[in-house]
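Asker: If you're matching positions, the sequence shown starts at 524 in my numbering and goes up one per residue.
For each residue, glycine too, the CB sits at the ideal point set by N, CA and C.
Please see the structure below; I have some questions.
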Amino acid sequence: MAAELTAHQLIAQHRPTLDLALETIRTRAYWSPHPEHPKSYGENGSLDTAAGKAAFDALAGTRLDLGQPGTDGWVGGEVSPYGIELGVEYPHADLDVLLPAMKAGQKAWRDAGAELRAMVCLEILKRIADRTMEFAQAVMHTSGQAFMMAFQAGGPHAQDRGMEAVAYAYVEQSRTPETAEWTKPQGKRDPLALTKRFTPVPRGIGLVVGCNTFPTWNGYPGLFASLATGNAVLVKPHPRAVLPLALTVQVARDVLTEAGFDPNLVALAAERPGEGIAKTLATRPEIRIIDYTGSTAFGDWLEANARQAQVYTEKAGVNTVIVESTDDYRGMLANLAFSLSLYSGQMCTTPQNLLIPRDGIRTDQGDKSYDEVTADLARAVDGLLGDDARANALLGAIVNPDVKARLEAAAGLGEVALASREVANPEFPDAVVRTPVIVKLDGAKPEDEAAYTSECFGPVSFAVAVDSAAHAVELLRRSVREKGAMTVGAYTTDPEVEEAVQEVCLDEAAQLSLNLTGGVYVNQTAAFSDFHGSGGNPAANAALCDGAFVANRFRVVEVRRPA
């Protein structure tokens, strides 16, 4: 079939956007081509909020037929954390049929070159962006995020991360010229002359193992990094969050077809209940790249057992904030309260341990004792979430029963500074909504150590009393080295303490935020500018996004001949 999207059309439309992305990852300035306010949608072919909701509602009870080869049945069963059944069915694949079909299109995709591959990827992202409001509903009802967060994190911010990966992929592939003329002088004899051609070649099939909490935000970097570097990509969603990634695969297959490429370069691997196909897929010889976000246990298993593949993991960590002193006590409390509450703490970047000197801290409102700081923080969270409508808009819903169980167990670990409470959601009565719990622990007591040195994913934070700033820095270093951290925060007006915290984060490769008191929070990162994770501590072996995240997804093969 003739291509409906020509290379010329794609380059004319998307090359300016790629150039802006390339400039932004160089300058690290703010830029996003994807609006993060709902009122910006509804023009130029994009769905507005109502149309997106209608498109999502129309999916209920349907079968999402992707036209994939090897479909041997249909699977479904997603139930929204807000209590509604999605009722969408997805193709179940015979891997022995699907994987060879995916490899068949790689030659033409490889030969297309880095620029055209980037343009096709940007067209996929453009089509997704036009359906942002539909995707927002899909993310909301699989992750439990409140609508505004599902819209922003699952829509424009996820699309930004995908585009960022495309930009880095293009940079690394274009670092080596396509051709070179090589001449070596030989004195009185004729020089040696060769013509050399350098071709980026894909590793094979990339496997994206999706997560429940951020299916698009965490899924798009690996998907687009692998696709842009010439690899086919098989998407294995989390069983409770299939829909957002299934819609992504559908869009990608449509664009590939229209651009004259094999749609099987992108495919979906949905699974039956309890099937657990991630392990099976991860060790198949066709799978040469794996992107995974989830538990430390399975991430460690992948790194140890998927020996044929290049494995990129984002696992668990223990995120820490040192509270030593501040010149904006009210701003600090407000910032921390929001950080602890957003999406019920179900983010890999949410602070867990707040290290506070037992003798108290210096502030612009006078000295505050450890007990005063914890009590004031509890009041700040209570104030933020006191109105149920606002609480629902910030907290979303508890994503699964394991998070709820951890939340309920946390109250028994120490003195409770802030008790969790149930919040009713009038629109979704079956949603499980809970406010955060803050538990006081003692950093000098061995019996408390097991609690604060382990990740407790969800709306659980520990106010850990420490002997001094030096003790806090020591605990921070040990925690990052042994358990890892996606984020570190610190509040201090002391240059020596600031320097000590920075040195720990540089030594242990942890991303640090200092003295945040305004509208930027420790658990948020901006594509094109901030690095998400570092790849240098146990929480993750990769960063989103840098050159290392894309460069090993392809190799350069040289062909040389006499000039």
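Given this structure, state the Cα-to-Cα distance separating residue 538 from residue 659, to the nearest angstrom.
Answerer: Their backbone Cα atoms lie some 27 Å apart in a straight line.
Asker: Give the single residue among 636, 835, 712, 640 whose Cα lies nearest to the Cα of residue 730.
Answerer: Checking every option, the nearest Cα to that of residue 730 belongs to 835.
Asker: Fully enclosed by the segment 624–658, which alpha helix (DSSP H) runs are 4 residues long or longer?
Answerer: As far as the segment 624–658 is concerned, its whole alpha helix (DSSP H) runs of at least 4 residues are 629–634, 637–653.
Asker: In this structure, does DSSP put residue 1090 in helix, strand or coil?
Answerer: No information on residue 1090 is available, as it lies outside the stretch 524 to 1086 that the chain covers here.
Asker: For residue 1003 and residue 905, what's the separation of their Cα atoms in angstroms?
Answerer: Whole-angstrom Cα-Cα distance: 30 Å.
Asker: Take residue 559 as the anchor and find which of 603, 574, 671 has the nearest alpha-carbon.
Answerer: Of the listed residues, the one whose Cα sits closest to residue 559 is 671.
Asker: Going by alpha carbons, who is nearest to residue 1021 out of 992, 1049, 711, 1006?
Answerer: Of 992, 1049, 711, 1006, the residue nearest in Cα terms is 992.
Asker: Could you tell me which uninterrupted alpha helix (DSSP H) segments, each at least 4 residues in length, are contained entirely in the segment 913–955, listed from first to last along the chain?
Answerer: Correct list: 924–933.
Asker: Which stretch, first to last residue, makes up the beta strand (DSSP E) that contains residue 709?
Answerer: First-last of the beta strand (DSSP E) with residue 709: 702–709.
Asker: Go through the segment 568–628 residue by residue and report every complete run of the alpha helix (DSSP H) that reaches 4 residues or more, in order.
Answerer: DSSP runs (the alpha helix (DSSP H)) wholly in the segment 568–628: 572–582, 618–627.
Asker: Is the beta carbon of residue 847 less than 8 Å from the beta carbon of residue 1014?
Answerer: Yes, they are a contact pair.
Asker: Enumerate in chain order the residues of its own chain whose CB-to-CB distance from residue 958 is below 6 Å, with the five nearest sequence positions on each side excluded.
Answerer: 908, 943, 944, listed in sequence order.
Asker: Between the alpha carbons of residue 966 and residue 894, how many angstroms are there, rounded?
Answerer: C-alpha separation (whole angstroms): 14 Å.
Asker: When the Cα atoms are used, what is the spatial distance from residue 828 to residue 744?
Answerer: Rounded to whole angstroms, residue 828 to residue 744 spans 23 Å at the Cα level.
Asker: Would you mind reading off the limits of the alpha helix (DSSP H) that contains residue 984?
Answerer: Unbroken run through residue 984 is the beta strand (DSSP E), 983–989; no alpha helix (DSSP H).
Asker: Please report the residue range of the alpha helix (DSSP H) in which residue 757 lies.
Answerer: Per DSSP, residue 757 belongs to no alpha helix (DSSP H); it is in the beta strand (DSSP E), 755–759.
Asker: Any idea if residue 683 is buried or exposed, counting beta-carbon neighbours within 10 angstroms, 16 or more meaning buried?
Answerer: Label assigned to residue 683: buried.
Asker: Taking just the CA atoms, how far does residue 900 sit from residue 964?
Answerer: Spanning the two alpha carbons is a distance of roughly 15 Å.
Asker: Output the distance between the C-alpha atoms of residue 799 and residue 937, rounded to the nearest integer angstrom.
Answerer: Looking at the two C-alpha atoms, the distance is approximately 37 Å.
Asker: Where does residue 566 fall in DSSP's three states?
Answerer: Of the three classes helix, strand and coil, the one that applies to residue 566 here is coil, per DSSP.
Asker: Using DSSP with H/G/I as helix, E/B as strand and the rest coil, what is residue 1018?
Answerer: In the structure shown, residue 1018 sits in a helix (DSSP, three-state: H, G or I).
Asker: If residue 1044 sits next to residue 862, beta carbons under 8 Å apart, how far is it from one beta carbon to the other, in whole angstroms?
Answerer: With 8 Å as the limit, residue 1044 and residue 862 qualify as a contact, their Cβ atoms being about 5 Å apart.
Asker: With which residues is residue 891 paired in a DSSP beta bridge?
Answerer: Residue 891 pairs with 884.
Asker: Decide if residue 702 is buried, meaning its Cβ has at least 16 other Cβ atoms within 10 Å, or exposed.
Answerer: Looking at its Cβ environment, which holds fewer than 16 other Cβ atoms inside 10 Å, residue 702 is exposed.
Asker: According to DSSP, which residues form a beta bridge with residue 735?
Answerer: Residue 735 pairs with nothing; no bridge assigned.
Asker: Under a three-way DSSP split, which group does residue 547 fall into?
Answerer: DSSP places residue 547 in helix when its eight states are reduced to three.
Asker: Helix, strand or coil: which one does DSSP assign to residue 553?
Answerer: Looking at residue 553 - three-state DSSP - the assignment turns out to be coil, as it is neither helix nor strand.
Asker: How many angstroms separate the CA atom of residue 557 from the CA atom of residue 568?
Answerer: Rounded to whole angstroms, residue 557 to residue 568 spans 14 Å at the Cα level.
Asker: Please report the distance separating the alpha-carbon of residue 871 from that of residue 1009.
Answerer: One C-alpha to the other measures close to 7 Å.
Asker: Please go through the same chain and pick out, in chain order, the residues whose beta-carbon is closer than 7 Å to the beta-carbon of residue 926, but skip the five residues on each side of it.
Answerer: Correct list, in chain order: 869, 980, 981.
Asker: Please name the residue in 757, 973, 839, 709 whose C-alpha comes closest to that of residue 592.
Answerer: Checking every option, the nearest Cα to that of residue 592 belongs to 757.
Asker: Counting pairs of beta carbons, one from the segment 722–738 and one from the segment 753–768, are three or more of them closer than 8 Å?
Answerer: The segment 722–738, when compared against the segment 753–768, does touch it at the 8 Å Cβ threshold.
Asker: Quick one: measure Cβ to Cβ for residue 665 and residue 603, integer angstroms, because I've assumed they're closer than 8 Å.
Answerer: Residue 665 to residue 603, Cβ: 7 Å. Contact.
Asker: Report yes if the CB atom of residue 1012 is closer than 8 Å to the CB atom of residue 1061, and no otherwise.
Answerer: Against a cut-off of 8 Å, the Cβ pair of residue 1061 and residue 1012 comes out as no contact.
Asker: Is any non-hydrogen atom of the ligand SAH found closer than 7 Å to the C-beta of residue 1024, if you look at the structure I gave you?
Answerer: This structure lacks the ligand SAH; in fact it carries no ligand of any kind.
Asker: Please tell me whether residue 920 and residue 955 are closer than 8 Å, where the distance is taken between their beta carbons.
Answerer: Yes, these two residues count as a Cβ contact at 8 Å.
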